[in-house]
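Taking it in order: structure first as structure tokens, then the write-up.
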Amino acid sequence: MYIYWRINNDLNCLGESIQFHDPAFIRCYKQWSRQNARALAMAEDFIETDFLSISLN
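Here the numbering used here runs 488 ahead of the position in the sequence shown, where the first position is 1.
Rendered as structure tokens:
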């Protein structure tokens, strides 16, 4: 699920969005996101900080 989350974040940075249509996948993705909410919040903060430092150079 991390790979799908990462792809979704990368697309969001580009202004695009992805839609999942399989109900079972959506349910599993939401469950995984809830279980890993703290780690995802830390990763999002890291990605934004890293992205800003790269763009400022």
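Backbone N, C-alpha and C fix where the C-beta goes; we use that ideal spot for every residue, glycine too.
From the options, residue whose alpha carbon lies closest to that of residue i
i: Phe508; options: Leu502, Ile495, Glu532; result: Ile495
i: Met489; options: Gln519, Gly503, Cys501; result: Gln519
Residue i vs residue j beta-carbon contact at 8 Å
i: Leu499; j: Ile506; result: yes
C-alpha distance - residue i paired with residue j, whole-angstrom precision
i: Ala527; j: Asp533; result: 10 Å
i: Gln523; j: Cys501; result: 24 Å
i: Asp510; j: Ser521; result: 16 Å
i: Phe513; j: Trp493; result: 12 Å
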